[in-house]
Amino acid sequence: MRASSFLGRAGGALALAIGLGAGALAQSPAPPDPWPSLVSDLFHGRAMQNGEGLITLDAPYRAEDAALVPMTLGFELPPGDTRQVKKITLVIDQNPAPMAASFEIGANSGVTSIATRLRVNDYTNVHEVAELSDGQLYVVQKYVKAAGGCSAPAGKNPDEADAHIGKMRFREIAAKPDAASAPALREAQLMIRHPNNSGLQMDQVSHLYIPARYIDGLKVFQGDDLIFAMEGGISISEDPNFRFTYKPNGAKIMRVEARDSGGKEFKSEWPIGGEM
Amino acid sequence: MLQRNKNPLAYLAYALTILSTFPFVASAKEAEPLLLLKEIAAGVFAHEGLIELTTQANEGAIANIGFIVGEDSVAVIDTGGSVREGRRLAAAIASVTNKPIRYVINTHVHPDHLFGNAAFDSRDVTFLGHANLPRALAARGAFYLSSFRRMLGDELMGEVRIVTPTLTVQDETTIDLGNRELVLKAWPPAHTDCDLTVLDKRTGTLFSGDLVFLSHVPIVDGSALGFLRLADALAAIPAKQVVPGHGPVVADWPQALEAERTYLTRLVKDIRGMIKTGESLGAAAQKAGQSERPKWQLFDEYNPRNATAGFAELEWE
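The listed protein sequences derive, respectively, from chains A and B.
In terms of the working numbering, the first sequence is residues 39 to 314.
In terms of the working numbering, the second sequence is residues 691 to 1007.
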């Protein structure tokens, strides 16, 4: 419930932010750090501890393409730590919708990392916040320089994404022969065709208006067990893409349910666990 | 650099340009310094942009832009990366012809090609672009106005406005400047999703916009596969010479396509291999296409971006 209200707020602020926020921010040389108010809005001001050593955030210092910035959330707890990671939240402080995604991690799913691609509008801090099973919050941050030049966070080929909207692909990634990681984990990738667009304000000249439409809910199961559930917004790139590790439970089917902000539902499933 | 042999005005223009590199001269005259132009065919002029990133110092003048003079009117092809550059182009046009500017053609959505639009915005001028250009401007315009302030500074950005095309091209359109037909062709997603080319039929001169890069590494902001596929269709255009979007003005046609085709082929091949072996997008950004590095300027600035965009696209093959 709490996650939906975050997203509602972020989404509601969107039209205003796109119309006014970007320009206003750029004119003031040192905008105030938005993080304290984001902690208040998104996390109800709860105390956070330094997450170094518990969680990792892999993001490039310089975004190459504003529309496609790869980030990997890592949250493998050290041996002996018996807690579980319940939820991982990714916040891009300076984006029009800072709350990029929130991942609920399935109990015993064994998920230790999720990689996805984000839109980054500006020079910004990016925060990863983990909520553990004992209720503690841990945070790590990275600074990402926005892409330069003619790069833009908008989609590149929106007609292509629209034409195949909801189409999904799933891939099991074969472990590298020399991989040191625990062989008990598998790695997989989920791709969803979707423009995931932020919507366009009414343009005075062209009278173009395109409503926002993006994947706001996603659930990934092996058999009946949840691997992760995501609530997301328009900071996730066009054609949302998730690469994750998980612990196989013996189920023979990977199942995905996605929903977009227009209320449309997309479902797919694939056989898993065969020889690779 | 203004090579217009028969007209004494050309030499005047050249002299003014030299003088105008001293800012106090320009401000004393309160005239916009002329843009350096070459007459590359009879009545066809082009300015060669610097192979640089946009900065305050270069005033955004990094793209090749130009104009074509007919018996009745003038068409401008791209307006440059700032209103100041646009005004300098307008001043150069006025130095070679008194015919009115009737058309401004925008080859695509990128700011280095159309931030000068406001310098030409009047009710007598028709702005032309690809049918997808209005949507692309709506999606990116506000962002560019904000993000380019960092590169161009407040003064240059203060006068930049987004000017949306009044006439768009779905497939192909011909405009007539007076005994001079220009063929405007809209292409499927390649460099961007709103690429438009302009062919001057009389002289066989093609303004390719950023569908052709020379020296400056190509940029993929639409579709890498689309860009690569387009090479064959572009090669069929009956032109003799091309003004590429970036790089030397002018080049032979269609030979000018070859370097770009080789680059895109290598990039796509590398990315396909990396997708097959399960490499990450981040790794591809660092490695794909690197063997092309010695051939191109601004390679490190744009190749990782191309590899990023190409990877996300090619994963769907």
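A virtual CB, placed ideally from N, CA and C, is assigned to each residue, including glycine.
Counting only runs of 3 or more residues that sit fully inside the region 754-807 of chain B, the beta strand (DSSP E) segments are 755-759, 764-767, 791-795, in chain order. In this structure, DSSP gives Ile965 of chain B a helical state, which the three-state scheme calls helix. Here Asp942 of chain B is exposed: its Cβ has fewer than 16 other Cβ atoms, across all protein chains shown, within 10 Å. By the Cβ criterion, the region 159-178 of chain A is in contact with the region 102-122 of chain A, since at least three pairs of Cβ atoms, one from each stretch, lie closer than 8 Å.
When 9 Å is used as the limit between beta carbons, Ser970 of chain B is near these residues of chain A: Pro108, Thr110, Ala153, Arg281, in chain order. In this structure, Leu106 of chain A keeps its C-beta atom at 8 Å or more from the C-beta atom of Ile130 of chain A. Taking C-beta atoms under 8 Å as the contact rule, Leu1004 of chain B and Arg951 of chain B fail to qualify, at a distance of about 17 Å. Chain-order list of chain B residues neighbouring Lys194 of chain A: Pro879, Thr882, Asp883, Val910, Asp911, Gly912, Ser913, Ala999, Ala1002, Glu1003, by C-beta distance under 9 Å.
In this chain, the alpha helix (DSSP H) harbouring Arg825 of chain B covers 823-848. Following the DSSP letters along the chain, one finds Phe897 of chain B inside the beta strand (DSSP E) bounded by residues 895-903. Under DSSP, Ser140 of chain A forms a beta bridge with A:Thr127, A:Glu269. Chain-ordered, the chain B residues with CB closer than 8 Å to the CB of Met229 of chain A read Glu1005, Trp1006. Asn159 of chain A and Leu988 of chain B have their C-alpha atoms some 22 Å from each other. Of the candidates A:Ile265, A:Tyr252, A:Ile291, A:Tyr252 places its Cα closest to the Cα of Ile274 of chain A. Taking 8 Å as the upper bound for CB-CB distance, Gly760 of chain B and Gly868 of chain B are in contact here, some 4 Å apart. Taking a Cβ-Cβ threshold of 7 Å, the residues of chain B close to Gly187 of chain A are Leu743, Thr744, in chain order.
For the pair Ser913 of chain B and Arg983 of chain B, the Cα-to-Cα distance works out to about 21 Å. Burial state of Pro196 of chain A is buried, judged by a 10 Å Cβ sphere holding 16 or more other Cβ atoms. Contact of Arg962 of chain B with chain A is not assigned, every C-beta pair being separated by 8 Å or more.
Excluding residues up to 5 positions away in sequence, Lys290, Ile291 lie with their Cβ nearer than 7 Å to the Cβ of Pro309 of chain A in the same chain. The Cβ neighbour count for Ala923 of chain B, taken over all protein chains shown within 10 Å, is under 16; the residue is labelled exposed. Trp877 of chain B is bridged by DSSP to nothing; it lacks a bridge partner. In the displayed model, Leu725 of chain B falls within coil according to three-state DSSP, outside both helix and strand.
The C-alpha of Lys205 of chain A is placed about 12 Å away from the C-alpha of Glu307 of chain A. Under the 10 Å beta carbon count, Asn993 of chain B is surrounded by 16 or more other beta carbons and is classified as buried. With respect to Ala250 of chain A, Gly270 of chain A sits apart: the two C-beta atoms are not nearer than 8 Å. Checking the DSSP bridge columns, you'll see Ile865 of chain B partnered with B:Leu872.
Sequence-distant Cβ neighbours of Met268 of chain A in its own chain, meaning closer than 6 Å and more than five residues away, are Ala139, Phe141, Leu256. Within the same chain, and ignoring the five residues on either side of Gln122 of chain A in sequence, the residues whose Cβ sits closer than 6 Å to its Cβ are Ser171. Taking a cut-off of 8 Å on C-beta distances, the region 759-774 of chain B touches the region 808-815 of chain B, as three or more cross pairs fall below it.
Only residues of its own chain outside the window of five on either side were considered, and among them Val902, Leu904, Val932, Pro934 have a CB closer than 7 Å to the CB of Ala946 of chain B, listed in chain order. Separation of Asn788 of chain B and Thr863 of chain B (C-alpha to C-alpha, rounded to the nearest whole angstrom) is 26 Å. Note on Glu948 of chain B: under 16 other CB atoms within 10 angstroms of its CB, so exposed under the neighbour-count rule.
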